[in-house]
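To start, the structure itself, in structure tokens.
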Amino acid sequence: MRRPRRIVLAAALVVLQEQAARFSVRVDPRVELLCVVGRLAGLDEYAQAAPTPYAAAVEEHFAPFREHDAVVTTRSLHEVFSVGYNALPSLAVYLRDLDTLEPLVPLKPLPPGLDARWALAPVDSYLEQLREFAAESQFAAFLEEQSQYLRALEQRYQEALPGAAVLDWCDGFFGPRPGLRCVAVPGPLIGPNNYGVMARDAAGAETFYQVLGVAQAQKDGLPRLDAGMEPLLVHEVAHSYVNPAVERGLEPFSRAAPAAFELVAEDMRAQAYGDWRTLCCESGVRAATALYMLDRHGPQARDRSIHHEEARSFYWTGDVVRRWDAARREQAFEEFLPLLADALRDWAALPPEQRLPPFRGTLNSALTLLMQSEDALFLLPEDSEALAAYARQMHERFHAASKVRLASAGELSPEEAAGRAQVVYGSPHSNVHVRRWLQALQARLDADGITLGRRRFQGAHLVLIACCPLAPGSRAAAVVYTAASDQDLVGVNGVFHGPTDWVVARATAPGQYTVVESGDFPKSADGDWLPLQ
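Residue numbers (my numbering): 45 to 577.
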């Protein structure tokens with residue numbers, strides 16, 4: 045018997061309403077208030093906003109309040125208690141609303157999710173200063189003036205985030221959490237940073253917030269969002285499940301994790317992961333994200349996720365993924381969670397030469413490793429002033445704060461550059477180092493197209509962005525931006541690249557590109573890179 049159409053539509057509407065209740069996207073005025081204050085206080089992590097009209101408006105509107113008591117206290121809290129990063133939004137979500145800034149529940153002792161850095165901080169007096177700042181700076185009126193941009197920002201994230209699918213997967217993997225609500229909060233002032241925070245109200249209802257930064261923006265100030273938003277959302281939502289589970293079952297981690305943390309402490313602290321407990325939570329979240337990618341997108345997506353984490357010094361991720369994947373068929377999450385502790389223990393016990401995996405992709409991972417290197421190179425073309433000037437701008441934008449050395453192609457021979465992580469810009473005619481990497485990639489460029497392995501991409505004005513290990517089994521990698529014509533490379537960083545090993549794009553106008561195709565190079569069972577088929 046066919047159901048009446050109205051009943052079917054009503055049932056579908058109920059499902060959509062339930063999904064909307066579980067997952068929503070909105071700019072949070074409480075979070076934005078703390079972000080503005082953090083920015084005015086000079087906290088580095090709140091000074092990395094993409095250059096947007098909104099960021100410029102914040103600077104102009106709030107400049108007279110740079111020495112307000114709330115801002116001065118924020119600086120002091122940072123200096124004395126290390127308050128920064130996720131500590132600010134963790135407090136924001138425990139406030140009732142922007143009008144009152146009253147706590148949802150008493151903040152002493154710390155409620156679940158409120159960052160431990162607030163334990164000794166003078167929170168009550170700080171909240172009073174924040175109320176004064178909000179009133180005197182007319183903060184609510186400022187947000188109203190920016191409402192058109194903020195609503196467009198919400199819409200952009202709403203379109204990019206598969207919230208319902210992520211929550212459904214998390215329920216299946218971690219176990220359902222009835223009543224759980226997740227809110228994705230666009231953070232236009234936090235740049236490349238992302239934070240997962242939560243609040244539990246007086247009735248015990250929990251809301252988890254994924255505060256997502258705007259790392260890059262288009263001319264209209266809206267972010268350029270891509271497929272990387274899906275694993276990012278999984279990562280942040282997974283914290284809602286992994287962190288409390290690790291805390292409940294801390295004993296095996298207390299025995300295994302400290303030794304592993306000490307071996308990667310410098311790299312972890314550079315990412316603001318300051319202790320072994322944080323390492324355990326981050327490791328679990330990253331392994332879960334790789335398994336989500338496996339379930340939703342297949343083995344290649346899982347491997348790409350693992351390689352991404354290995355480049356960030358989570359070298360044991362692949363081992364955790366293998367252990368968890370085998371165990372999840374028969375056990376609940378908290379039963380197989382301790383396998384993470386086993387993986388950390390076993391990794392720390394390896395001989396030093398076996399702890400670091402070889403480079404296995406992707407472009408994002410290659411660039412991350414480059415910035416961690418002590419002797420990396422950024423090699424400019426010769427005989428192309430326009431491209432050399434553009435490449436210098438890219439070095440200043442992305443690598444000026446790192447130890448990546450800027451050099452012209454002619455300053456070092458390929459032999460002298462061998463063994464050093466490197467970024468190379470230019471055509472085979474303007475940069476001798478490009479020729480070396482084209483040979484390694486089995487690539488050939490001409491005016492009519494690009495040959496990459498056994499693939500041929502036909503057409504004029506094509507550009508290639510690709511990575512490969514410096515040598516078989518090498519931990520370090522090279523990234524090459526190349527084309528038959530240097531002119532086609534001016535603006536090449538505007539091509540979306542990162543999650544794969546290579547991208548071929550077509551220059552359609554100066555600084556404008558259309559992606560033709562992207563993908564990964566095949567690898568052997570031993571990890572050797574093979575020609576594209």
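Think of the CB as a built atom: it goes at the ideal place given N, C-alpha and C, for glycine as much as any other residue.
Could you compute how far the alpha carbon of M184 sits from the alpha carbon of P97? Taking the sequence shown and counting its residues from 1, one reaches residue 184 at position 140. Taking the sequence shown and counting its residues from 1, one reaches residue 97 at position 53. In the sequence under discussion, the amino acid at residue 184 is Ala, which differs from the Met named in the question. Computed Cα separation, rounded: 18 Å.
C-beta contact flag for S409 and F358 at 7 Å: To locate residue 409, count along the sequence shown from 1; it is residue 365. To locate residue 358, count along the sequence shown from 1; it is residue 314. Going by C-beta atoms, S409 is not nearer than 7 Å to F358.
Measure the Cβ-Cβ separation of T544 and D564 and say whether it is below 7 Å. In the sequence shown, counting from the first residue as 1, residue 544 sits at position 500. In the sequence shown, counting from the first residue as 1, residue 564 sits at position 520. With respect to D564, T544 sits close: the two C-beta atoms are nearer than 7 Å.
Please report how far the alpha carbon of A387 lies from the alpha carbon of Y285, in whole angstroms. Numbered from 1 along the sequence shown, position 343 holds the residue referred to as residue 387. Numbered from 1 along the sequence shown, position 241 holds the residue referred to as residue 285. Straight-line Cα distance between these residues: approximately 20 Å.
Over what stretch of residues does the alpha helix (DSSP H) that includes I234 continue unbroken? For the purposes of this step, residue 234 is taken as residue 190 along the sequence shown, with counting starting at 1. Taken as a continuous stretch (DSSP letters only), I234 belongs to no alpha helix (DSSP H), as it is neither H nor E.
Could you spell out where the alpha helix (DSSP H) holding V365 opens and where it closes? Along the sequence shown, one-based indexing puts residue 365 at 321. V365 -> alpha helix (DSSP H) spans 361–371.
Could you tell me which residues DSSP puts in a beta bridge with W573? Position 529 of the sequence shown, counted from the first residue, corresponds to residue 573. K567.
Using three-state DSSP, classify G219 as helix, strand or coil. Taking the sequence shown and counting its residues from 1, one reaches residue 219 at position 175. Here G219 carries a coil assignment [DSSP, helix/strand/coil].
In chain order, what residues of the same chain lie with their CB nearer than 6 Å to the CB of V258, ignoring the 5 residues before and after it? Position 214 of the sequence shown, counted from the start, is the residue given in the question as residue 258. Taking V258 as the centre and dropping the five residues before and after it, the same chain places the C-beta of A94, P232, P267 closer than 6 Å to its C-beta, in chain order.
Closest residue to N238 among G216, A247, V75 (Cα-Cα distance): Here residue 238 is taken as the residue at index 194 of the sequence shown, counted from 1. Its Cα nearest to that of N238, the residue V75 stands out among G216, A247, V75.
Under 8 Å by Cβ, that's how I've got P402 and P513 pegged, so tell me the actual separation to the nearest angstrom. By 1-based counting over the sequence shown, the position of residue 402 is 358. By 1-based counting over the sequence shown, the position of residue 513 is 469. Their Cβ separation, rounded to whole angstroms, is 6 Å, which keeps P402 and P513 in contact under 8 Å.
Assigned secondary structure, F125 (DSSP; H/G/I helix, E/B strand, else coil): The count along the sequence shown starts at 1 and reaches residue 125 at position 81. Secondary structure of F125 (DSSP, three-state): helix.
Using CA atoms only, rank isn't needed, just tell me which of C511, L294, T333, H352 is closest to F217. Numbered from its first residue, the sequence shown carries residue 217 at position 173. Out of C511, L294, T333, H352, T333 has the C-alpha closest to the C-alpha of F217.
When you compare only the Cα positions, how much space is there between L277 and A208? The sequence position of residue 277 within the sequence shown is 233, counting from 1. The sequence position of residue 208 within the sequence shown is 164, counting from 1. Between L277 and A208, the alpha-carbon positions lie close to 11 Å from each other.
Short Cβ contact (7 Å threshold) for V115 with L145: The residue given as residue 115 occupies position 71 in the sequence shown. The residue given as residue 145 occupies position 101 in the sequence shown. Contact flag unset, no.
When burial is assigned at 16 or more other CB atoms within 10 Å of the CB, is L53 buried or exposed? By 1-based counting over the sequence shown, the position of residue 53 is 9. Low local confidence applies: a pLDDT of 39 at L53 is under 50, so the model's placement there is unreliable, with the coordinate-based value given in what follows. So L53 counts as exposed.
Test item: CB-CB of A300 and A385 under 7 Å: As a first step, residue 300 is located in the sequence shown; it is residue number 256 there, counting from the start. As a first step, residue 385 is located in the sequence shown; it is residue number 341 there, counting from the start. If you check the CB distance, A300 and A385 come in under 7 Å.
Comparing alpha-carbon positions, which option in H541, T558, Q556, F297 lies nearest D270? As a position in the sequence shown, residue 270 is number 226, starting the count at 1. Cα-wise, what sits closest to D270 is H541.
First and last residue of the uninterrupted alpha helix (DSSP H) at A334: Here residue 334 refers to the residue found at position 290 of the sequence shown. Element bounds for A334: 320–341.
Just to confirm my understanding: we take R449, look at its own chain, exclude 5 residues before and 5 after, and list those with CB closer than 6 Å. What are they? For this step, residue 449 is matched to residue 405 along the sequence shown. These residues qualify, in order along the chain: L421.
Comparing C-alpha positions only, which one of V102, L121, L411 sits nearest to N537? Sequence index remark: in the sequence shown, residue 537 carries index 493 (1-based). Closest by alpha carbon: L411.
Sufficient close CB pairs (3 or more, under 8 Å) joining the region 250–265 to the region 223–230: Contact annotation: the region 250–265 touches the region 223–230, with at least three C-beta pairs closer than 8 Å.
Taking CB distances under 7 Å as the criterion, tell me whether E280 reaches chain C. No chain C is part of this structure, which consists of one protein chain only.
Could you give the C-beta distance for A246 and V149, rounded to a whole number, given that I count them as a contact under 8 Å? Numbered from 1 along the sequence shown, position 202 holds the residue referred to as residue 246. Numbered from 1 along the sequence shown, position 105 holds the residue referred to as residue 149. Rounded, the Cβ-Cβ distance is 5 Å, consistent with contact.
Would you kindly work out how many angstroms separate the C-alpha atoms of A91 and V69, rounded to a whole number? Locating residue 91 in the sequence shown gives position 47, where the first residue counts as 1. Locating residue 69 in the sequence shown gives position 25, where the first residue counts as 1. Those two C-alpha atoms are separated by around 23 Å.
Could you check whether V468 and L423 sit closer than 7 Å to each other, using their CB atoms as the reference points? Stepping through the sequence shown from its first residue, residue 423 is reached at position 379. Stepping through the sequence shown from its first residue, residue 468 is reached at position 424. A Cβ-Cβ contact shorter than 7 Å links L423 with V468.
Closest by C-alpha distance to K567, when choosing among T558, Q577, V560: For the purposes of this step, residue 567 is taken as residue 523 along the sequence shown, with counting starting at 1. Cα-wise, what sits closest to K567 is Q577.
Can you list, in chain order, the residues of its chain with a C-beta nearer than 7 Å to that of P382? Leave out the 5 residues immediately preceding and following it. Within the sequence shown, residue 382 is the residue found at index 338, counting from 1. Residues G293, P296 of the same chain have their beta carbon placed closer than 7 Å to that of P382, with the five preceding and five following residues left out of the count.
Cβ pair P395, G497 closer than 7 Å: Looking up residue 395 in the sequence shown gives position 351. Looking up residue 497 in the sequence shown gives position 453. No, the pair does not count as a contact, with Cβ atoms beyond the cut-off.
In angstroms, rounded to a whole number, what distance separates the CA positions of Q61 and F377? As a first step, residue 61 is located in the sequence shown; it is residue number 17 there, counting from the start. As a first step, residue 377 is located in the sequence shown; it is residue number 333 there, counting from the start. With a pLDDT of only 41 at Q61, under 50, the local geometry of the prediction cannot be trusted, and no value is derived from it.
Please name the residue, chosen from Y201, E198, L78, G223, that lies closest to G139 on a Cα-to-Cα basis. As a working note, residue 139 is residue 95 in the sequence shown. Just to set this straight, residue 139 is Leu in the shown sequence, not Gly. Ranked by Cα distance from L139, the first of Y201, E198, L78, G223 is L78.
Between the alpha carbons of T406 and P153, how many angstroms are there, rounded? For the purposes of this step, residue 406 is taken as the residue at position 362 of the sequence shown. For the purposes of this step, residue 153 is taken as the residue at position 109 of the sequence shown. Take the alpha-carbon of T406 and the one of P153: they are about 44 Å apart.
Identify whether G538 lies in helix, strand or coil by the three-state DSSP scheme. For the purposes of this step, residue 538 is identified with residue 494 of the sequence shown, where counting begins at 1. It is helical.
Rounded straight-line distance, which links the Cα of A433 to that of L413: As a position in the sequence shown, residue 413 is number 369, starting the count at 1. As a position in the sequence shown, residue 433 is number 389, starting the count at 1. Spanning the alpha carbons of L413 and A433 requires a straight line of approximately 24 Å.
CB A520 to CB A465, shorter than 7 Å? In the sequence shown, the residue the question calls residue 520 occupies position 476. In the sequence shown, the residue the question calls residue 465 occupies position 421. Cβ distance < 7 Å, so A520 and A465 count as in contact.
Please state the DSSP three-state secondary structure of R119. For the purposes of this step, residue 119 is taken as residue 75 along the sequence shown, with counting starting at 1. In this structure, R119 counts as helix in the three-state DSSP scheme.
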